[in-house]
Amino acid sequence: VRPSLQDLRQQASIAAKVFVQRDYTTGTICQFQTKFPSELETRIDKQQFEETIRTLNNLYAEAEKLGGRSYLEGCLACVTAYTIFLCMETHYEKVLKKIAKYIQEQNDKIYAPRGLLLTDPIERGLRVVEITIFEDQSNGRIEGR
Amino acid sequence: MKNCEYRQIEPQGLGTPNAAPPPPAGANDADTRAKRRRKWEVFPGKNRFYCDGRIMVARQSGVLPLTLGLIVLTSCLFFVFDCPFLVEHVTSCIPAIGGALFAFVIISLLQTSFRDPGILPRATADEAAYTEKQIDDSASSSYRPPPRTLEVIINQQVVKLKYCFTCKMFRPPRTSHCSLCDNCVERFDHHCPWVGNCVGKRNYRFFYAFIVSLSFLTAFIFGCVTTHLTLRTFPLTPSCTALELIVCFFSVWSILGLSGFHTYLVASNLTTNEDIKGSWSGNSGVQNTVNPYSYNNIFANCCAVLCAPLPPSLIDRRGFLPTQESPPAAQPQVELPVFVGKSDLTVV
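Heads up: the sequence lines are chains A and B, in that order.
So the first sequence is residues 1 to 145, counted in UniProt numbering.
So the second sequence is residues 1 to 348, counted in UniProt numbering.
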C-alpha cells in the first residue's frame, strides 16, 4: 500500500498531462527524449527528471541489446520452436519488469510527493512517457496548465 | 475547457501494468470477475481473436486455409505414395528428413499467422490532443513544414515521419499502417494473404523461417518424386505422384525466388515496403540516401533482423479493461483505444 499514490489517485484531480516523446536519433531502438518539458518547471528539478529518463533509456537499451546472451536465447528458442517461452520469460520481459519496478519506485519516492505521476511507457505502446500533473492541493491553488 | 478534457481519464485507470484494478465498491466480487472483459474484445483494428485472445489473425484470413491445405496434402501424398518406394530403394532417412522439414514448416507458418506482428496501440485521447496541439503550435511559427509530417534525423539521415489519421499519432520510423488490418505495424514488411496476417517486427523471423524451410521442403519433395519416377520400372505413373510433381514444380520456383529476395532484404536490413517504395535507393530524388538502419555488415544485419530479442506484444490483448466507478464523460469518437477506462465498455 502506497499512501501518497493512493491519495493522489483518489483525491487529487488532474491539471495536465505531459508526453515525453521518443528519441529516434540512434535508430528504432526505444529511447526517450531527455528534453525537460516546460510544464514541469515549477514541480521538479531538471536534473532529477533527466536522471529518470536517462535510467529508463539505459534499461530499454539493455532489453534490446544484441549480444551473446540474446543470440543464445534466440538459438535456444529456434531449436525448441519457441515453446521454451511457455516456461521461461524472455530477456526483454525480465527487463520490462525491472522497468516497472523502477517507475513505481520513482513515483513513490520522487514524483508522487510533488503531485506528479509517471505512467509506464509499455501502457502507451512504448511511444511516450506520460506524466500526469495533479492539482497542487497544498496551498489550495491550481498549478500547471 | 481544458480541465473537462482531462477529466475523461480516471486516475485509477493508471497504474502498474499487471496490477488488476480494484472492483467497484459494493459490487459482487464473483460477478465482477465473471463479467470483466479483456482488451481484445474491444480492439479497434480489424483482427480476429481466438482462445480468449491468445491467438490472433487478420479479419480476412486470406488464403491461409489454402496454404495449409496444399502443404499438408502434398506432404501426405508424399509420405503415403513415395516414401515406401524410396525407403526400399534408396534410404530410410527420407521419411525422417521429410517429417522434420514438414513439422518445421507447419510450426513456422502457425507462428507467423497467429502472432501479433508488432501492432502499435492507438493513441489515447490525451496523447492525441497533445500531438494536435504540438502540430498547431509548430504551424504558427515562421517555418511551415508540410502538414502532418515530422522530420527526424536518424544516423545522420533525414527521415520523415507521417501522421496516422486513424491511430492519431506520428508513426515511428519503419512503421506503416496496414489498410487490411487497420493497424499501424512496426517494421511493416507486407501483408501476406498466404499466411493471413501482416508480417512485421515480431513475426518476420518466423515468416523467413517459413519460406526458407518451405523451399527446402518443396525442393526435397520434388527431388524425391523425380527419383521415384526415374527408378520406377513399370511405365505407369501414379496420378498422385504426378500431382505432387506439378505442385512442387510451380512452388519451387516461386518460393525459392521469394526466399532469395527476403535473404537479400535481411542481409541489407530492409523491409519489402521500403524496397518497393525505394526509400533508400535515391528514387525519391534526394541524393545520397543510405539506409540508416543498416549496420553495413551482412552478418550484423542478419543477426539484428533474425536473432534480436523478441519484443513483447504492445497491445496486451489478454489484459483486463479497467473498471469504472464514476459516470461516463461524453465520448464522441468510437475508435478511441481501450487503455482509456471507458465506462460504456465496462460491464455492470
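We put the beta carbon where it would ideally sit given N, CA and C, even for glycine.
Return yes when the C-beta of B:L180 is under 6 Å from any heavy atom of the ligand MN, and no when it is not.
Absent from the structure shown: the ligand MN. Ligands present: none.
Once the 5 residues before and after B:F49 are set aside, which same chain residues still bring their CB inside 6 Å of it?
Translated into the one-based positions of the second sequence, residue 49 of chain B becomes position 49. Counting only Cβ-Cβ distances below 6 Å, and skipping sequence neighbours, we find W40 and M56.
Is B:D82 near B:H190, with beta carbons less than 7 Å apart?
The residue given as residue 82 of chain B occupies position 82 in the second sequence. The residue given as residue 190 of chain B occupies position 190 in the second sequence. No.
Where does B:Q157 fall in DSSP's three states?
Counting from 1 along the second sequence, the entry for residue 157 of chain B is found at position 157. B:Q157 falls in the strand class under three-state DSSP.
Less than 7 Å separating the beta-carbons of A:A15 and A:E135?
Mapped onto the first sequence, residue 15 of chain A falls at position 15. Mapped onto the first sequence, residue 135 of chain A falls at position 135. Using a Cβ distance threshold of 7 Å, A:A15 and A:E135 count as a contacting pair.
Give me the subset of the stretch 62 to 86 of chain A whose CB atoms are less than 8 Å from a CB atom of chain B, sorted by chain position.
A63, E64, K65, L66, S70, Y71, E73, G74, C75, A77, C78, A81 and Y82
Can you check the UniProt domain "Palmitoyltransferase DHHC" (160 to 277) of chain B for any beta strand (DSSP E) of at least 3 residues that lies completely inside it and give the ranges in chain order?
176 to 178, 183 to 185, 190 to 192 and 197 to 199
Across which residues does DSSP place B:Y50 in a beta bridge pair?
Here residue 50 of chain B refers to the residue found at position 50 when the second sequence is read from its first residue. BP columns for B:Y50 point to B:I55.
So which residues of chain B does A:V128 contact, with C-beta pairs closer than 7 Å?
For the purposes of this step, residue 128 of chain A is identified with residue 128 of the first sequence, where counting begins at 1. Neighbours of A:V128 on chain B, chain order: E127.
Buried or exposed: which applies to A:L72, given that a residue is buried once 16 or more other Cβ atoms fall within 10 Å of its Cβ?
For the purposes of this step, residue 72 of chain A is identified with residue 72 of the first sequence, where counting begins at 1. Exposed is the call here.
Rounded to whole angstroms, what's the CA-CA distance from A:T52 to B:F320? Just pull it up for me.
Taking the first residue of the first sequence as 1, we reach residue 52 of chain A at position 52. Taking the first residue of the second sequence as 1, we reach residue 320 of chain B at position 320. Roughly 29 Å between the two C-alpha positions.
For B:H68, which of B:L77, B:R59, B:C51 and B:L110 has the nearest alpha-carbon?
Taking the second sequence and counting its residues from 1, one reaches residue 68 of chain B at position 68. Here the sequence assigns Leu to residue 68 of chain B, which means His is not the residue at that position. Answer by Cα proximity: B:L110.
Run the CB neighbour count on B:W280, radius 10 Å, all protein chains shown included, and call it buried at 16 or more, exposed below.
The residue given as residue 280 of chain B occupies position 280 in the second sequence. Answer is buried; the Cβ neighbour count reaches 16.
Measure from the C-beta of A:K17 to each C-beta in chain B and report whether the shortest distance is under 7 Å.
Translated into the one-based positions of the first sequence, residue 17 of chain A becomes position 17. Chain B, which has a Cβ nearer than 7 Å to the Cβ of A:K17, makes this yes.
Roughly how many angstroms separate the alpha carbons of B:S113 and B:N197, rounded to a whole number?
Here the question's residue 113 of chain B lines up with position 113 in the second sequence. Here the question's residue 197 of chain B lines up with position 197 in the second sequence. Approximately 5 Å, taken between the alpha carbons.
Does the stretch 199 to 218 of chain B come close enough to the stretch 176 to 191 of chain B that 3 or more CB-CB pairs lie under 8 Å?
Yes, they touch.
Going by DSSP in three states, B:T124 sits in which element: helix, strand or coil?
Taking the first residue of the second sequence as 1, we reach residue 124 of chain B at position 124. Three-state result, B:T124: coil.
Would you mind listing the alpha helix (DSSP H) stretches within the stretch 82 to 117 of chain A that are 4+ residues and don't spill past its ends, in chain order?
91 to 106
Rounded C-beta distance between B:Q157 and B:V290? I'm assuming under 8 Å.
Locating residue 157 of chain B in the second sequence gives position 157, counting from the first residue. Locating residue 290 of chain B in the second sequence gives position 290, counting from the first residue. 6 Å between Cβ atoms; contact.
Tell me which residue opens and which closes the beta strand (DSSP E) that B:A308 is part of.
Translated into positions along the second sequence, residue 308 of chain B becomes position 308. Segment: none, B:A308 is in no beta strand (DSSP E) and carries neither H nor E.
How is A:T132 classed by DSSP in three states: helix, strand or coil?
In the first sequence, the residue the question calls residue 132 of chain A occupies position 132. A:T132: strand per DSSP, three-state reduction.
CB B:A58 to CB B:C181, shorter than 7 Å?
Taking the second sequence and counting its residues from 1, the one referred to as residue 58 of chain B is at position 58. Taking the second sequence and counting its residues from 1, the one referred to as residue 181 of chain B is at position 181. Closer than 7 Å, so yes.
How is the beta strand (DSSP E) around A:A16 delimited, first residue to last?
Numbered from its first residue, the first sequence carries residue 16 of chain A at position 16. Unbroken beta strand (DSSP E) run through A:A16: I14 to Q21.
Do you know how far the Cα of B:E127 is from the Cα of B:L120?
Looking up residue 120 of chain B in the second sequence gives position 120. Looking up residue 127 of chain B in the second sequence gives position 127. Taking C-alpha positions only, B:L120 is separated from B:E127 by approximately 14 Å.
For a contact defined as C-beta to C-beta under 8 Å, what are the partners of B:A308 on chain A?
Translated into positions along the second sequence, residue 308 of chain B becomes position 308. What B:A308 touches in chain A: E64, L66, S70 and G74.
Who are the neighbours of A:Y92 on chain D, taking C-beta pairs under 9 Å?
Absent from the structure: chain D. Protein chains present are A and B.
Using a Cβ-Cβ cut-off of 8 Å (strictly less than) and excluding sequence neighbours within five positions of B:V195, which residues of its own chain qualify?
Within the second sequence, residue 195 of chain B is the residue found at index 195, counting from 1. Closer than 8 Å at Cβ, skipping near neighbours: G62, L64, T67, L109, T112, S113, F207 and F210.
Along chain A, in chain order, which residues have C-beta atoms closer than 9 Å to that of B:Y293?
Taking the second sequence and counting its residues from 1, one reaches residue 293 of chain B at position 293. Identification of chain A residues near B:Y293 by a Cβ-Cβ cut-off of 9 Å yields G27 and T28, ordered along the chain.
Looking at A:V128 and A:F19, is the spacing between their C-beta atoms short of 7 Å?
The count along the first sequence starts at 1 and reaches residue 19 of chain A at position 19. The count along the first sequence starts at 1 and reaches residue 128 of chain A at position 128. In this structure, A:V128 lies closer than 7 Å to A:F19 by Cβ.
Can you find the residues in the same chain that come closer than 8 Å, C-beta to C-beta, to A:H91, ignoring five residues on each side of it along the sequence?
Counting from one through the first sequence, the residue named residue 91 of chain A turns up at place 91. For A:H91, where only same-chain residues beyond five positions count, the Cβ hits under 8 Å are A63, R69, S70 and E73.
Do three or more CB pairs link the stretch 74 to 93 of chain B to the stretch 218 to 226 of chain B at distances below 8 Å?
As far as the Cβ criterion goes, the stretch 74 to 93 of chain B touches the stretch 218 to 226 of chain B, which means the pair count is three or higher.
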